[in-house]
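Undergrad: Protein sequence lines correspond, in order, to chains P and R. Letter by letter, the first sequence follows residues 1 to 538 in the working numbering. Letter by letter, the second sequence follows residues 539 to 873 in the working numbering.
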Amino acid sequence: MFPDPARDYQCPDQLRCELKFGGGSPITKQPLVRLVNVWKRFGSIQALAGASLDVYPGEIHVVLGENGAGKTSLMCVLAGLYRPDQGEVLVNGQQFAVRTPADALKLGVTMVHQHFELVDNLSVWENVVLGAEGGRFALTRRRCHQAVRQLASEHGVEVDIDARVRDLPVGLQQKVEILKMLYRRARILILDEPTTFLTPQEVDTLLVTLQRLAASGLAILLVTHKLRDALRVGDRLTVMRGGRVVASLPAAGGTEELLVQWMMGEPPAAATKLLETARPAPPAPDAPVLLEVEETSTVGTHNRLRLQGISFRLRAGEIVGVAGVAGSGQRELAELLVGLLPVAAGRIRLSGVDITKLPIRDRLDRGLVLVPEDRVRDGILPGMTLAETVVLGLHRHLFPNVWYDFARAMQLGRNAIEQHAVRAPHPLIPSTYLSGGNIQKLILARAVETCRIRAEPVVVALNPSRGLDVRAVQHVHQQLRSVVGRGGAVLLVSEDLDELIGLCHHIVVLHRGQTVAEFDGPGYDRYSIGEAMLGSAA
Amino acid sequence: MYVAALAAALAINTLVIAILRHDPWVAYKTALNDSLGSIGGFAQTLNRMTPLLLVAITFSLSRQVGLANIGMDGQIYVGGVLATGIGLSLAPAGLPAWQMVPLVLAGGAMAGAAFVLIAGVLRAAWGVSEIFTTVMLNFVAAYLVEFLCTGPWNDPTAGEAITYPIPRTAALPMLITRGGAHTGVLLACAVAVLTWGLLYRTVPGYEMRAVGANARAALIAGIGVTRVQLIALTLGGGLSGLAGAIEVAGVHERLLVGLTPGYGFMGILVAVLARYHPLVLIPVSFAFAVLVAGSDSLQRTVGFPASAVFLVQALVVIVIMVVEALRARRERYVI
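1) Scan the stretch 403–419 of chain P for residues whose Cβ lies nearer than 7 angstroms to a Cβ of chain R and list them as they occur along the chain.
2) W262(P) and V246(P) - do their beta-carbons sit closer together than 7 angstroms?
3) For a contact meaning CB atoms closer than 8 angstroms, what does R754(R) contact in chain P?
4) Given that G665(R) touches chain P, what residues does it touch there, using C-beta distances under 9 angstroms?
5) Under the rule that 16 or more other beta-carbon atoms within 10 Å means buried, what is S318(P), buried or exposed?
6) State the DSSP-derived secondary structure class of K106(P), mapped to helix, strand or coil.
7) Please return the same chain residues whose Cβ sits closer than 7 angstroms to the Cβ of T72(P), not counting the five positions on each side in sequence.
8) Relative to the alpha-carbon of L392(P), which residue among P690(R), T672(R), V854(R), V741(R) has its alpha-carbon at the smallest distance?
9) How many angstroms separate the CA atom of M410(P) from the CA atom of R375(P)?
10) To the nearest angstrom, how far is the alpha carbon of A594(R) from that of F116(P)?
11) Since H506(P) contacts D496(P) with CB under 8 angstroms, what's their CB separation in whole angstroms?
12) Mind checking who I656(R) pairs with in its DSSP beta bridge?
13) Short of 7 angstroms in beta carbon distance, which residues of its chain neighbour H558(P), apart from the five on each side in sequence? Order them along the chain.
14) Within 10 angstroms of its Cβ, does V124(P) collect 16 or more other Cβ (buried), or is it exposed?
15) Please go through the same chain and pick out, in chain order, the residues whose beta-carbon is closer than 8 angstroms to the beta-carbon of L590(R), but skip the five residues on each side of it.
16) For a contact meaning CB atoms closer than 9 angstroms, what does H395(P) contact in chain B?
17) For L757(R), does the three-state DSSP call read helix, strand or coil?
18) Could one say the Cβ of A863(R) lies closer than 7 angstroms to chain P's Cβ atoms, at least one of them?
19) Report yes or no: do the stretch 342–362 of chain P and the stretch 750–763 of chain R share at least 3 C-beta pairs separated by less than 8 angstroms?
20) Given a threshold of 16 other Cβ atoms within 10 Å of its Cβ, counted over all protein chains shown, does P194(P) qualify as buried or as exposed?
21) Identify whether F197(P) lies in helix, strand or coil by the three-state DSSP scheme.
22) Relative to the alpha-carbon of A565(R), which residue among R838(R), V855(R), M712(R) has its alpha-carbon at the smallest distance?
23) Between the Cα of L182(P) and those of L213(P), P288(P), D204(P), spot the shortest distance and give me the residue it belongs to.
24) Are there 16 or more other CB atoms within 10 angstroms of the CB of Y527(P), so buried, or fewer, so exposed?
25) For the alpha helix (DSSP H) that contains V822(R), what are its first and last residues?
26) Is it buried or exposed, H720(R), if we count other Cβ atoms within 10 angstroms and call 16 or more buried?
27) If we ignore side chains and look at the alpha-carbon of each, how far apart do G437(P) and G604(R) end up?
28) If I measure Cβ to Cβ from A532(P) and keep anything under 6 angstroms in the same chain, skipping five residues before and after, which residues do I get?
29) Does the CB of F399(P) have a neighbour CB from chain R at under 7 angstroms?
30) To which residues of the same chain is G108(P) closer than 7 angstroms at the C-beta, ignoring the five residues directly before and after it?
31) Pull up the CB-CB distance for S351(P) and H511(P), whole angstroms please, since I reckon it's below 8 angstroms.
32) On the CB-based measure, 16 or more other CB atoms within 10 Å of its CB, does I310(P) come out buried or exposed?
33) Using a cut-off of 9 angstroms between C-beta atoms, extract the partners of R361(P) located in chain R.
34) Quick one: is L553(R) buried, meaning 16 or more other Cβ sit within 10 Å of its Cβ, or exposed?
35) By the criterion of Cβ-Cβ separation under 7 angstroms, what are the contact partners of A751(R) in chain P?
36) Which same chain residues, not among the five before or five after P457(P), have their C-beta less than 7 angstroms away from its C-beta?
What follows is the structure in structure tokens.
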């Protein structure tokens with residue numbers, strides 16, 4: 001199906017050819033592809049409600065919007081992953097049926113997803129050619145290798161093409177994904193939230209790479225909710241909300257305030273309030289230390305990174321952030337603290353009591369609460385009701401006798417709905433029916449409730465706002481602040497540096513299972529934190 | 539929906555009866571008469587329902603904590619073995635019935651619990667799948683019974699693989715004397731209600747359901763997952779052992795090789811259909827008992843193969859499962 005890559009590879013020329021046909025100057029040029037009036041419904045959710053989008057060659061087109069605004073759905077329609085209920089894809093004014101990703105590839109549409117689709121133990125070049133090897137049976141190894149190398153140098157993508165993918169940091173893995181798409185002769189490259197889990201340095205190089213690709217004639221669709229990235233590289237901005245396109249304009253016309261208003265659909269005052277990330281007041285210098293981790297290490301296993309020399313302390317009224325690129329030991333750290341992972345050496349103290357050897361239950365009863373990373377897998381009780389889910393972990397305290405107090409559980413469930421904004425009609429609804437944001441609110445309601453009954457609570461939150469929309473993120477942050485406000489402490493483990501910088505009094509950097517650096521807020525230097533995350537700090 | 543499912547199963551069954559060259563009308567009439575229509579038939583149905591219900595509770599308990607105990611037949615057998623053993627060994631002591639019956643039943647329950655504990659401990663200690671161990675233990679128990687029935691406890695006057703009878707004082711009191719329905723069914727229903735109370739009205743029961751719903755979430759919430767699973771498994775095994783003791787003390791009054799004609803697997807069907815809810819198990823196990831008693835009578839009177847009842851059961855279960863799957867797909871929505 002694919003022609004010999006080494007001989008036939010001529011993507012850039014082809015593009016230039018396309019450009020010529022499209023007309024020279026940016027103002028008069030024709031759109032490469034147009035999405036017109038696209039509708040898509042998933043069950044009771046209208047994901048897209050008549051969204052339209054024009055894609056021009058040689059441009060970085062930023063698609064902005066909250067989570068759930070329909071950005072990703074629209075991109076998936078273009079990439080042939082979703083079939084729209086209504087609407088069409090126009091190429092040169094003619095309707096083009098995009099029913100499968102293969103159809104989309106004929107148009108040159110490729111998509112880099114938020115979670116990469118790479119084979120970890122293959123090398124970079126093998127990943128790039130995978131699925132588009134060409135030839136019938138034999139893999140023409142040398143030719144492919146050469147073609148990938150040529151491709152990488154042509155586009156200025158700096159990556160060692162013989163390295164194994166699993167040894168590469170996230171930023172480079174992303175480049176491999178981009179290279180993979182270029183190899184498939186991408187003319188329209190869609191990137192879904194590419195900057196979320198990158199260090200500032202990696203974001204910089206990614207954006208430069210994208211600008212270079214756009215200059216060579218590619219159309220880049222950058223899906224993001226980060227205004228800073230959007231305004232930095234975007235040539236054209238499209239704002240989506242509720243499945244509709246609410247604005248589409250050249251980047252020069254957009255200001256941050258305007259974009260926020262469009263994204264939120266709120267009047268200016270309310271919108272800026274949502275954007276605000278008020279840092280809680282710093283703790284008193286003599287505030288007691290609630291959690292102290294001293295030179296702690298664990299034994300690594302085949303799927304658990306080995307932690308070494310982890311040290312930090314958490315004082316009452318303090319939010320401490322743990323920064324690090326994905327897979328630096330964040331999950332292991334959380335498991336270590338709650339007691340899922342045994343300690344090999346070192347000591348953990350909670351309010352002065354040594355909990356190093358205590359089981360999970362005793363740690364929880366002393367006020368150490370986990371907000372788990374995988375909310376569905378670790379947080380809820382599928383098949384059981386919302387009320388039953390919200391009392392999990394609290395049940396020993398709530399029901400000191402053997403009897404399960406149904407009324408008490410219902411009361412807590414109602415409380416979660418009313419005060420923690422869990423959107424559910426009543427507390428007896430199965431918790432599987434809740435969406436990610438609502439599940440997170442439920443888990444936080446549980447954590448906050450635990451904090452209310454313990455004297456000196458410590459909340460360990462692992463990527464608590466991942467995948468949530470702006471309002472839900474706001475709610476999460478508000479809850480974490482309220483824990484701190486009541487004399488508790490929060491350890492916020494996040495791969496999103498912006499979140500940490502906005503919220504934390506202190507940031508500890510984790511790199512390959514070690515705490516390598518510490519930073520004091522509020523005046524953080526993003527780039528030096530980024531350096532530490534990449535392991536290049538002294 | 540369910541009515542349609544049952545109708546479909548019934549239609550297929552009618553077809554099978556017709557293919558086997560029997561008159562479906564006569565067959566159904568006989569079956570119904572001998573399971574519900576007469577006192578004797580109704581008594582048979584109740585006697586069949588007792589082990590079915592207990593076994594279904596066993597399986598439900600294991601499912602409620604996320605395990606699958608499918609060794610109920612084995613647990614019935616060892617329960618029957620210890621019940622018979624106690625009955626035979628205490629026969630010379632001449633204890634009154636009010637002491638003898640509880641001793642026999644408690645012995646059966648303990649044997650069942652201890653037997654499933656083998657699988658439970660293997661799982662807790664080394665993570666050996668309880669599915670395999672319980673199935674394998676079924677064979678162990680079945681051969682133990684065969685050995686006892688043909689060897690040490692064999693009643694030479696019977697000329698069959700059955701043991702000496704247990705003393706009359708060890709027999710369960712009768713509920714309906716005419717048809718021979720014993721009081722075991724009351725006990726089984728009481729156990730179902732108690733199990734419901736345990737699961738839905740107590741904290742240990744809540745922990746069991748939490749473990750079954752999401753073991754990892756339960757672990758993070760400080761619940762001793764292994765301990766809870768072990769308790770539920772043992773409790774369940776005890777109930778199947780009790781079923782074995784009831785079969786011995788209520789129906790056969792001795793141990794025999796065919797003590798359980800596959801109650802274990804029928805119990806799984808009952809439990810699945812009732813969605814492991816202890817109270818729903820009562821009517822469902824009754825319905826299955828009707829099927830079993832009816833097919834027995836068909837076999838005796840019309841010469842209809844008893845395995846045909848398994849066909850009906852399987853059809854009912856398959857059709858209902860399909861209906862449920864379809865409904866689940868339609869209902870799927872997220873707030």
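For glycine and all other residues, C-beta sits at the position ideal for the given N, C-alpha and C. These numbers were taken from a predicted model, which means no experiment stands behind them.
TA: In this structure, then:
1) W403, Y404
2) yes
3) R377, D378
4) The contacting residues do not exist; G665(R) stays about 15 angstroms from chain P at best.
5) According to the sequence shown, residue 318(P) is Glu rather than Ser. E318(P) comes out buried.
6) helix
7) D192, V223
8) V741(R)
9) 22 angstroms
10) 46 angstroms
11) In fact, because the Cβ distance is near 17 angstroms, the residues do not count as touching under 8 angstroms.
12) According to DSSP, which records beta bridges pairwise, I656(R) is partnered with nothing at all.
13) No statement about residue 558(P) is possible, as the shown extent of chain P runs from 1 to 538 and does not include it.
14) buried
15) Y801, M804, G805, V808, S823, F826, A827, V830
16) Absence of chain B from the displayed structure is noted, the protein chains being P and R.
17) helix
18) no
19) yes
20) buried
21) coil
22) R838(R)
23) L213(P)
24) exposed
25) 816–839
26) buried
27) 27 angstroms
28) V509, V516, A517
29) yes
30) R185, A186, R187, I188
31) With 8 angstroms as the limit, S351(P) and H511(P) do not qualify as a contact, their Cβ atoms being about 29 angstroms apart.
32) buried
33) A759, G760, I761, G762
34) exposed
35) L381, P382, G383, M384
36) G367, V369, T450, C451, V483, G488
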